[in-house]
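Residue numbers (the numbering used here): 1 to 180.
First comes the structure, then the notes that go with it.
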């Protein structure tokens, strides 16, 4: 039984039919902003102490979160999400279930469903990814990327994003003489 007045008011606001935007904001904060901050802290902790448990927990969360976003995107394109009553509060509860160590939702989904599926199909997935990379990385595409990079390097501020970790720019993708 929820007895705290602020908790009751918050739930009443969140569960109102017109509060969809509020629910979306809550899901964005709980589903993205906090996990990004917690992931950063986990990586820093791992660097200092060598303990990978927290970083692994957040990596599992991000994997499930990514799959959820793909599914949600598809369902929203065909109109299902918009017709689901209380979608935002249910999504918020799901995100909390994934994150909170008390429930271990991301770990449970990863260990019981995602890991077995990927272990079964990872050779086929790797083949498909390799085929896509080989099929679409033709010299013409490489030339377009190189031309775009040549333009963006000259834009102040954007050139920083194009630099490699050592500060240099990446080499051209394909010899331009091969383009006809």
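Backbone N, C-alpha and C fix where the C-beta goes; we use that ideal spot for every residue, glycine too.
Q) Between which two residues does the alpha helix (DSSP H) containing residue 124 stretch? A) Position 124 of the chain shown, counted from the first residue, corresponds to residue 124. From DSSP, the alpha helix (DSSP H) with residue 124 extends over 115-136.
**Q.** Local conformation of residue 163 per DSSP, three classes
**A.** Mapped onto the chain shown, residue 163 falls at position 163. Correct three-state label for residue 163: coil.
Q: Use the C-beta contact count for residue 42: other C-beta atoms within 10 angstroms, 16 or more gives buried, fewer gives exposed.
A: Here residue 42 refers to the residue found at position 42 when the chain shown is read from its first residue. With 16 or more Cβ atoms within 10 Å of its Cβ, residue 42 is classed as buried.
(Q) When you compare the CB positions of residue 32 and residue 64, do they come within less than 8 Å of one another, or not? (A) By one-based count along the chain shown, residue 32 stands at place 32. By one-based count along the chain shown, residue 64 stands at place 64. Their beta carbons are not under 8 Å apart, which means residue 32 does not touch residue 64 by this criterion.
(Q) Alpha carbons only, please: which of 24, 6, 155 and 158 is nearest the one belonging to residue 82? (A) In the chain shown, residue 82 corresponds to position 82, counting from 1. Checking every option, the nearest Cα to that of residue 82 belongs to 24.
Q | Boundaries (first-last residue) of the alpha helix (DSSP H) holding residue 158 | A | Walking along the chain shown from the start, residue 158 turns up at place 158. Careful: residue 158 lies outside any alpha helix (DSSP H) and carries neither H nor E.
Q: Would you check if there are 3 or more beta carbon pairs closer than 8 Å linking the region 33-40 to the region 51-70?
A: yes
Q: Excluding the 5 residues preceding and the 5 following residue 113 in the sequence, name in chain order all residues of the same chain whose CB lies nearer than 7 Å to its CB.
A: For the purposes of this step, residue 113 is identified with residue 113 of the chain shown, where counting begins at 1. Hits under 7 Å: none found.
Q | residue 106, buried or exposed, once every other Cβ within 10 Å from all chains shown has been counted against 16 | A | One-based indexing of the chain shown puts residue 106 at position 106. Answer is buried; the Cβ neighbour count reaches 16.
(Q) residue 92 and residue 142 - do their beta-carbons sit closer together than 8 Å? (A) Translated into the one-based positions of the chain shown, residue 142 becomes position 142. Translated into the one-based positions of the chain shown, residue 92 becomes position 92. No; because the gap between Cβ atoms is not below 8 Å, this pair is not in contact.
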